[in-house]
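Heads up: the structure comes next, in structure tokens.
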Amino acid sequence: MTRLLRFARENSLGLVFGSLFVVVLVAQALAGHADYNQQQLTDGLPPVSFGRYVSSASFGVDVLENWQSEYLQFFLYIYLTVWLVQKGSPESKELGKAGRESERDQKIGAFADGNSPAWARTRGVRLWLFSNSLGLVMLLIFVLSWLGQSITGRIAYNERQLADLQDPVSWGGYLTNPDFWNRTLQNWQSELLAVASMAIFAIYLRQRGSSQSKPVGSAHTATGVEG
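Going by the working numbering, the first residue of the sequence shown is number 0, and it counts up by one from there.
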């Protein structure tokens, strides 16, 4: 097996999802461009080029409002699963392991093994940062994409306001506007529903061979067990 084929096989999950992301993002841009130009013609305005559309606030807010909800989901899931458990779900830790766990369980400091990352052997700020790095990065991406959504959403909203001969709103004013919270909350509720559904369905349902499912023959009450 060549090095390239081995790399593709060993990283196939990330490569496939990354490729699907690009394909779907391009498809969204094409569909959004067509829809945007239909609305332009309906309003008696000239259509815009594809390049102008993908650099517009309208496309930006459509993308970012989904990104921020996804990363909010990841952030909440990562942090809440430290302390909360769900009996019978492979998405949960074992029932007796709620909390931050011991240094032995986490392979920290003196309990690090030969393959442990260097920062797992440290103390102080570096250890705290590394111990919380996954959640912190998810939180940072959420905050940045939420900020980006609020900025691009305000621009797109004000474009509609001006087209309707209405006064534009400030950034602070847009944050209290129903348009912003309608865009935001419709994504939040869907992400939270998806996580709850996965945690609960996985108690009773199986997918043979999947790391997100218990082994087919595992008891419904088995918790924190993955296939």
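Cβ atoms here follow ideal geometry from the backbone N, Cα and C, with glycine treated the same way. Owing to the predicted nature of the structure, the values given are computational and were not obtained by experimental measurement.
Between the options, which lies nearest to residue i when the distance is taken from Cα to Cα?
i, options, result
"G208", "V224, A30 and I77", "V224"
"A33", "R5, F49 and N186", "F49"
"Y78", "S132, L44, Q105 and A30", "S132"
"S210", "N114, L12 and G123", "L12"
"R182", "M197, N10, A198 and T151", "T151"
"E100", "P116, S130 and V124", "S130"
"V84", "Q206, S217, A195 and G216", "A195"
"A28", "L4, F16 and S54", "S54"
"L146", "A193, K106, G171 and E9", "G171"
Quick one, are the C-beta atoms of residue i and residue j less than 8 Å apart?
i, j, result
"W82", "A97", "yes"
"Y70", "F141", "yes"
"E64", "Q188", "no"
"Y173", "R159", "no"
"A162", "D42", "yes"
"N186", "V168", "no"
"Q67", "S18", "no"
"E93", "T222", "yes"
"R122", "G108", "yes"
"Y35", "V47", "yes"
Going by beta carbon distance, what residues of the same chain come within less than 6 Å of residue i, once the five residues before and after it are set aside?
i, result
"L139", "none"
"F245", "There is no way to answer for residue 245, as the model of the chain reaches only from 0 to 226."
"A155", "A56, S57 and V60"
"E190", "S68 and Q72"
"V215", "R205 and R207"
"S217", "V224"
Give every residue of the same chain whose Cβ lies closer than 8 Å to the Cβ of residue i, excluding the five residues on either side of it in the sequence, and list them in chain order.
i, result
"Q37", "none"
"D166", "Q160"
CB-CB under 7 Å to residue i, same chain, minus the five flanking residues each way: which ones, in chain order?
i, result
"A7", "L14"
"R120", "G108 and A111"
"T80", "S91 and K92"
State yes or no: is the beta carbon of residue i nearer than 8 Å to at least one beta carbon in chain B?
i, result
"S210", "Of the chains in the structure shown, none is chain B; there is only one protein chain."
>> Check whether the region 188-203 and the region 85-105 touch, using three or more Cβ-Cβ pairs below 8 Å as the test.
In response: Enough Cβ pairs lie closer than 8 Å, so yes.
> Which runs of the beta strand (DSSP E), 3 residues or longer, sit entirely within the region 131-189?
Replying inline: DSSP runs (the beta strand (DSSP E)) wholly in the region 131-189: none.
> What are the complete beta strand (DSSP E) segments, minimum 3 residues, inside the region 20-92?
Replying inline: none
> Does the count of Cβ pairs from the region 66-80 and the region 128-138 closer than 8 Å reach three?
Replying inline: yes
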